[in-house]
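Q: First, the structure itself, so that you have it in front of you.
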Amino acid sequence: MENNEIITPQCIVEGEDTYDLVYEKSTVMTDTRLHYCPGCGHSTAHQIIAEVIQELGIQKDVIGVAPVGCSVFAYDYVNIDWQEAAHGRATAVATGIKRVRPDKYVFTYQGDGDLAAIGTAETIHCINRGENILIVFINNGVYGMTSGQMAPTSLEGMKTTTSPYGRDVHTMGYPMKMSELIAPLHGAFYVTRQAVHTPNAVRKAKKAIMNGFQYQKLKKGISFVEIISNCPSNWKMTPLQTVDFLENSMMQYYPLGDVKLPSKEDLKELANK
Amino acid sequence: MSQNEDVRLMKGNEAMAEAAIQAGMDAYFGYPITPQSEVLEYLTREVPKRTGIALQAESEVASINMVYGAAGAGARVWTSSSSPGWSLMQEGVSYIASAQLPCLLVNVNRGGPGLGTIQPSQGDYFQATKGGGHGDYRLIVLAPNSVQEMADFVFLGFELADKYRNPVLMLSDGAIGQMMEKVVFHKRDIKKIDKPWATSGKTKDRERNIITSLFIKPEKMEQVNLHLNKKYEEISRNEVRFEEIMTDDADYLLVAYGLSARISHKVVLLAREKGLKVGLLRPITLWPFPSDILNKLADRVKGMMTLELNAGQMIEDVKLAVNGKIKVGHYGRMGGIIPSPEEVVENLEKFIKSL
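Encoded structure:
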């Protein structure tokens, strides 16, 4: 991507100063102040979802499903119709919505405890049925909202409030690779793992989310966008330290990249829609 | 038979499923469990030929949350289950009640606790009427005593759910669900109301719609609680339903619902042959409970006895209603056993002697 594609030049701001407009809050974001901790990836993930909805011009056709977890208030920030699901049940709620409103774009936004622990059954079966929805899975390896307990995705040896001596995989199980777990299911159409810790990663994650919305038009199954994120407060790190941990620990175990892609024929079909 | 009538011989479960299609259901989400699996079977057979969605979920937990999603999106939606499955749904029911989502829920009661038995029971009365899930909420609870009513209460249930934005529970049992009887379907004019609060996609002319049961600030939560309570008071004023059988000259009153009410009707006749003036009050709505009529009848009769297929649950509501004016007794069988009318008469006579 060239610089001039990213930067929209010449925005006049009050008075005589002229600035280059490099970033703008999406009009699909509300003015409500985000409650997330400084440096948390949720804010960025929300923003790129709002940007995608704005750019695709589908605000009136999107229904989001919020989880229980740190992002429980997602509906305060992204200005679309939302349903708040019980813990772990977002994909069941989304199934109910999509089945009665098949012409709408439906997505869930879920954390690791929600999607990969209490909601594993709903997750697997929703994907297996190939519901035509997008699942945005924020994986930061920890329960954030309840303040730092072990998640199904916590890394081996990771210290949390419920694995204070580090996650012992022999007694506490292994960190679950959800993308790899669900990709073989026939209902999984598009599976990718992304991050939001660098500008480049954000651009790629945004593209993945855009794919996830657009692929719903094909009615061929689930788009699953896992976003490896951070949790400065519960990892007990500064936001910058979390970037190191993301790259040197999380992404070593959860490598970024596409896990399952649509075929060329599928993409051709999409281009014709 | 008029042209507007369609008479059939059906199981209660099938009649309910057929009624739902005729009531214009948009979706049903369910999971197999005896003794109500015919519902899902009927719908997965009929719906593809007609209209709507019938989906087998991976669990009752999933089906109730699918109901939440579809109801939140404005659809006419329902689910059914039996006791153990109904227990699994309670978390979702609490969310549905809090988010004020209209939907129809059915529990074809079987014997418990635990995995219990697949035979009929009324052991889930408390769970149905006192809030099976967490928090202050109420379901409108309809108790059919025939295959006909299992069909009729589907129409009524959807209507009441929409009217009050409240989940409606039909509490049936394994006998009414499984037995075959004549059922008449009348041609009806099905009206669906607008649901401007539903998640239909945020258009420019309105604020975003949010379906939620989360009100984290105590002041807001209390306001929601107060609003719900106001609604429950309104329902209590408007929607009490009951049937009186030979209460006019009664000295003694049986109180029974559903299957027990059918048995009690026979008990009334047998007792009268013996010279005992017995009447029957059959609550049709278990919540709101017909307390006022029971309180009035308590001024005229010498004693009341409930017949329940449980250890004595509804008796508590009857006692509250009569407020100590007269003695209230209970006779019941459990574990899926259905008492004979003669057995009940015998126990009724014992109760009368104890007065």
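Chain order of the listed sequences is A and B. Using the working numbering, the letters of the first sequence correspond one by one to residues 42 to 314. Using the working numbering, the letters of the second sequence correspond one by one to residues 79 to 433. A virtual CB, placed ideally from N, CA and C, is assigned to each residue, including glycine. None of these values were measured; they are calculated from a predicted model.
How would you write the range of the alpha helix (DSSP H) that residue 233 (chain B) sits in, first residue to last?
A: Position 155 of the second sequence, counted from the first residue, corresponds to residue 233 (chain B). Looking at the DSSP string, the run of the alpha helix (DSSP H) that includes residue 233 (chain B) is 225-242.
Q: Within a Cβ cutoff of 6 Å, which residues of the same chain sit near residue 314 (chain A), ignoring the five residues on either side of it in sequence?
A: The residue labelled residue 314 (chain A) in the question sits at position 273 within the first sequence. So the list reads 258, once near-sequence residues are dropped.
Q: Over the uninterrupted alpha helix (DSSP H) stretch that includes residue 303 (chain A), give me the two end residues.
A: Your numbering for residue 303 (chain A) matches position 262 in the first sequence. According to the DSSP assignment, residue 303 (chain A) belongs to no alpha helix (DSSP H), since it is labelled neither H nor E.
Q: I need the DSSP call for residue 141 (chain B), collapsed to helix, strand or coil.
A: Counting from one through the second sequence, the residue named residue 141 (chain B) turns up at place 63. Reduced to three states, the DSSP call for residue 141 (chain B) is helix.
Q: Flag residue 200 (chain B) as yes when its Cβ comes closer than 8 Å to any non-hydrogen atom of the ligand ADP, and as no otherwise.
A: Among the ligands in the structure shown, none appear at all, so the ligand ADP cannot be discussed.
Q: Determine the chain B residues that contact residue 101 (chain A) at a beta-carbon separation under 8 Å, and present them in chain order.
A: Translated into the one-based positions of the first sequence, residue 101 (chain A) becomes position 60. Residues of chain B passing the Cβ test: 279, 280, 281 and 282.
Q: Using the Cα positions of residue 89 (chain A) and residue 130 (chain B), report the straight-line distance between them to the nearest angstrom.
A: As a first step, residue 89 (chain A) is located in the first sequence; it is residue number 48 there, counting from the start. As a first step, residue 130 (chain B) is located in the second sequence; it is residue number 52 there, counting from the start. Each residue's Cα considered, the two are about 35 Å apart.
Q: Over what stretch of residues does the beta strand (DSSP E) that includes residue 343 (chain B) continue unbroken?
A: Here residue 343 (chain B) corresponds to residue number 265 of the second sequence, with the count starting at 1. First-last for residue 343 (chain B): 336-351, but that is the alpha helix (DSSP H), not the beta strand (DSSP E).
Q: Taking only three categories from DSSP, how would you classify residue 253 (chain A)?
A: Here residue 253 (chain A) corresponds to residue number 212 of the first sequence, with the count starting at 1. Residue 253 (chain A): helix per DSSP, three-state reduction.
Q: For my contact list, residue 195 (chain A) and residue 187 (chain A) are in at a C-beta cut-off of 8 Å; report their separation, rounded to the angstrom.
A: Start at 1 with the first residue of the first sequence, and residue 195 (chain A) comes out as number 154. Start at 1 with the first residue of the first sequence, and residue 187 (chain A) comes out as number 146. Not quite, the Cβ-Cβ distance comes to about 13 Å (not below 8 Å), so this is no contact.
Q: Is residue 263 (chain A) close to chain B? Criterion is C-beta to C-beta, closer than 9 Å.
A: For the purposes of this step, residue 263 (chain A) is taken as the residue at position 222 of the first sequence. Not closer than 9 Å to any Cβ of chain B, the Cβ of residue 263 (chain A) fails to qualify, so no.
Q: For residue 287 (chain B), decide whether its Cβ has a neighbour in chain A, counting only Cβ atoms nearer than 9 Å.
A: Locating residue 287 (chain B) in the second sequence gives position 209, counting from the first residue. Residue 287 (chain B) counts as touching chain A.
Q: Beta-carbon separation of residue 146 (chain B) and residue 127 (chain A) under 9 Å?
A: As a position in the second sequence, residue 146 (chain B) is number 68, starting the count at 1. As a position in the first sequence, residue 127 (chain A) is number 86, starting the count at 1. Yes; because the gap between Cβ atoms is below 9 Å, this pair is in contact.
Q: Which residue wins for smallest C-alpha separation from residue 220 (chain A), given the options A:85, A:62 and A:269?
A: Within the first sequence, the letter at position 179 stands for residue 220 (chain A). With distances taken between CA atoms, residue 220 (chain A) lies nearest to A:269 out of A:85, A:62 and A:269.
Q: Tell me where the beta strand (DSSP E) around residue 264 (chain A) begins and ends.
A: Stepping through the first sequence from its first residue, residue 264 (chain A) is reached at position 223. Counting along the chain, the beta strand (DSSP E) containing residue 264 (chain A) begins and ends at 263-269.
Q: Beta-carbon of residue 111 (chain B) versus every beta-carbon of chain A: anything under 9 Å?
A: As a position in the second sequence, residue 111 (chain B) is number 33, starting the count at 1. Output row for residue 111 (chain B): interface = no.
Q: Are the C-beta of residue 121 (chain A) and some C-beta of chain C separated by less than 9 Å?
A: Here the protein chains are A and B, and chain C is not one of them.
Q: Quick check: the Cα distance between residue 178 (chain A) and residue 137 (chain A), rounded to an integer number of angstroms?
A: The residue labelled residue 178 (chain A) in the question sits at position 137 within the first sequence. The residue labelled residue 137 (chain A) in the question sits at position 96 within the first sequence. C-alpha separation (whole angstroms): 19 Å.
Q: What is the DSSP secondary structure of residue 88 (chain B), reduced to helix, strand or coil?
A: For the purposes of this step, residue 88 (chain B) is taken as residue 10 along the second sequence, with counting starting at 1. Note: residue 88 (chain B) maps to strand in three-state DSSP.
Q: At what residues does the beta strand (DSSP E) containing residue 373 (chain B) begin and finish?
A: Translated into the one-based positions of the second sequence, residue 373 (chain B) becomes position 295. Not the beta strand (DSSP E): residue 373 (chain B) falls in the alpha helix (DSSP H), residues 369-375.
Q: Consult DSSP for residue 126 (chain B) and reduce its assignment to one of helix, strand or coil.
A: Position 48 of the second sequence, counting from 1, holds the residue named residue 126 (chain B). Here residue 126 (chain B) sits in helix by DSSP.
Q: Which residues in the same chain as residue 145 (chain A) place their Cβ atom closer than 6 Å to its Cβ, once the five residues preceding and following it in sequence are excluded?
A: Counting from 1 along the first sequence, the entry for residue 145 (chain A) is found at position 104. Counting only Cβ-Cβ distances below 6 Å, and skipping sequence neighbours, we find 102 and 104.
Q: At a Cβ cut of 7 Å, what residues of the segment 134-151 of chain A count as close to chain B, listed as they run along the chain?
A: From the segment 134-151 of chain A, only 134, 135, 136, 137, 138, 140, 141, 142 and 145 have a Cβ closer than 7 Å to chain B.
Q: In chain order, what residues of the same chain have a beta carbon less than 7 Å from the beta carbon of residue 181 (chain B), not counting five sequence neighbours either side?
A: As a position in the second sequence, residue 181 (chain B) is number 103, starting the count at 1. Only 145, 149, 155, 156, 174, 239 and 245 meet the Cβ criterion.
Q: Measure the beta-carbon distance from residue 216 (chain A) to residue 294 (chain A) and round it to whole angstroms, keeping in mind my assumption that it falls under 8 Å.
A: In the first sequence, counting from the first residue as 1, residue 216 (chain A) sits at position 175. In the first sequence, counting from the first residue as 1, residue 294 (chain A) sits at position 253. With 8 Å as the limit, residue 216 (chain A) and residue 294 (chain A) qualify as a contact, their Cβ atoms being about 6 Å apart.
Q: Tell me which residue opens and which closes the alpha helix (DSSP H) that residue 204 (chain A) is part of.
A: In the first sequence, residue 204 (chain A) corresponds to position 163, counting from 1. Segment: none, residue 204 (chain A) is in no alpha helix (DSSP H) and carries neither H nor E.
Q: Quick one: using the 10 Å Cβ neighbour count with 16 as the cut-off for buried, is residue 116 (chain B) buried or exposed?
A: As a first step, residue 116 (chain B) must be located in the second sequence, where it is residue number 38. Classification for residue 116 (chain B): buried.
Q: If contact is defined by three or more beta carbon pairs under 8 Å, each pair taking one atom from either stretch, is the segment 234-241 of chain A in contact with the segment 275-292 of chain A?
A: The segment 275-292 of chain A, when compared against the segment 234-241 of chain A, does touch it at the 8 Å Cβ threshold.
Q: Do you know how far the Cα of residue 299 (chain B) is from the Cα of residue 255 (chain B)?
A: What you label residue 255 (chain B) is simply residue 177 of the second sequence in a count that begins at 1. What you label residue 299 (chain B) is simply residue 221 of the second sequence in a count that begins at 1. Answer to the nearest angstrom: the Cα atoms are 38 Å apart.
Q: Just checking my contact of residue 339 (chain B) with residue 223 (chain B) at CB under 8 Å: how many whole Å lie between their CB atoms?
A: Translated into positions along the second sequence, residue 339 (chain B) becomes position 261. Translated into positions along the second sequence, residue 223 (chain B) becomes position 145. Right, their Cβ atoms sit about 5 Å apart.
Q: Which residues in chain A sit within 7 Å of residue 104 (chain B), going by Cβ to Cβ distance?
A: Here residue 104 (chain B) corresponds to residue number 26 of the second sequence, with the count starting at 1. By Cβ distance, chain A contributes 141.
Q: If you draw a straight line from the alpha carbon of residue 169 (chain A) to that of residue 262 (chain A), how long is it in whole angstroms?
A: Locating residue 169 (chain A) in the first sequence gives position 128, counting from the first residue. Locating residue 262 (chain A) in the first sequence gives position 221, counting from the first residue. Distance between the alpha carbons of residue 169 (chain A) and residue 262 (chain A) is about 9 Å.
Q: Could you please give the first and the last residue of the uninterrupted beta strand (DSSP E) stretch that includes residue 158 (chain B)?
A: Against the second sequence, residue 158 (chain B) aligns to sequence position 80. It spans 155-159 - the beta strand (DSSP E) in which residue 158 (chain B) sits, taken as one unbroken run.
Q: Look at residue 27 (chain B) and residue 382 (chain B) and say whether their C-beta atoms are less than 9 Å apart.
A: Chain B is shown from 79 up to 433; residue 27 (chain B) falls before or after that span and cannot be answered.
Q: Comparing C-alpha positions only, which one of A:84, A:81, A:284 and A:119 sits nearest to residue 99 (chain A)?
A: Here the question's residue 99 (chain A) lines up with position 58 in the first sequence. It is A:119.
Q: Quick check on residue 219 (chain B): buried or exposed, where buried means 16 or more other Cβ atoms within 10 Å of its Cβ?
A: Start at 1 with the first residue of the second sequence, and residue 219 (chain B) comes out as number 141. By the neighbour-count rule (16 or more Cβ atoms within 10 Å), residue 219 (chain B) is buried.
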